[in-house]
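Residue numbers (our numbering), protein chains in the order written: chain A, 7 to 120; chain B, 4 to 111.
Here it is, written out as C-alpha cells:
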C-alpha cells in the first residue's frame, strides 16, 4: 500500500477481553515500531521489529502485551485481559531500516476499554 | 538506550512571534530526527540531521545539530496558527524512542 495501514481504526472492548491490533507497514520497510499514546501525552515506546525479530521488548507494559511480525511485513499487537488503563491510541510506524532515515506512521487504533 | 531531553515541554506564543525548542543528550548522537504531531493526528517526519554543526532550513523552520552532536534545536520564525502541534526530537537509535516533545500553541 501507499502508507502504513492500521486496523481497526477504533475498537471498543469490555474489560477482560483480548484484543488484536494490526499494522501493515510500507512494502519493503524492514523496521516496524509500536507506540502507545494516552490523551495529551507523549509517545510511549512499546516494541520494535527488525525484520521478524524484536531485539528489545522491554517497552511492553506487562506480560499481557505481546507482538509478532510475520514475513517481514504485517505485525499484530495483542493485549490479553484488557484493563481500563490500556485505553489509548496505539500507533504503528515503519522505516526502511532501523536507523531511518524516516519513520512513517499509521493513523493509529483508538482502543477504549469499558 | 540514549536519553534525549527536550525543553520546554509547553510553549504558548502570539502569532508572529518566534519559537525555539531544544534537545539535549548526555551522549553523542549518530543522528537526530524531528517530527511534528498536529492535534488529533499522528507524528510526521520533518527532517534528519547527521553531520556535526549541520544547519538545515525548511521555509520558516531552522534545524541545527550541535558541534558535539549532543544537542539540537528547532527554530520557527514568525509563527503561524498552522504551526500548532507537538514537536518531537528523536535521538539516533534503532529503537526510535520519542521524548515528551514540546507542545506549541499559537494565539491568533
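By construction, the Cβ of each residue, glycine as well, lies at the ideal position given by its N, Cα and C atoms.
Bear in mind that the values here come from a model prediction, so they are computed numbers and not experimental data.
Assignment of residue 67 of chain B by DSSP, reduced to helix, strand and coil, places it in the strand class. Look at the stretch 24-43 of chain B: the residues with a C-beta under 9 Å from a C-beta of chain A are 33, 34, 36, 38 and 40.
Per DSSP, residue 30 of chain A is one residue of the beta strand (DSSP E) stretching across 25-30. Residues of chain A whose Cβ lies closer than 8 Å to the Cβ of residue 101 of chain B are, in chain order, 41, 48, 49 and 51. In this structure, the CA atom of residue 8 of chain B is about 15 Å from the CA atom of residue 51 of chain A. Collapsing the DSSP output to three states places residue 84 of chain B in a helix.
The C-beta of residue 64 of chain A has fewer than 16 other C-beta atoms within 10 Å across all chains shown, which makes the residue exposed. When secondary structure is reduced to three states using DSSP, residue 74 of chain A falls in the strand class. Comparing C-alpha distances from residue 84 of chain A to each of A/115, A/27 and A/54 shows the shortest one belongs to A/27.
For residue 15 of chain B, no CB of chain A lies under 8 Å from its own CB, so it is not counted at the interface with that chain. Residue burial is scored here from C-beta neighbours: residue 73 of chain A has at least 16 other C-beta atoms within 10 angstroms and is therefore classed as buried.
Closer than 8 Å at the C-beta level to chain A, one finds these residues of the stretch 42-69 of chain B: 45, 46, 47, 48 and 51. A/57 is the residue among A/8, A/57 and A/68 whose C-alpha sits nearest the C-alpha of residue 75 of chain A. Counting the other Cβ atoms within 10 Å of the Cβ of residue 8 of chain A gives fewer than 16, which makes it exposed. In the three-state reduction of the DSSP assignment, residue 91 of chain A falls in the helix class.
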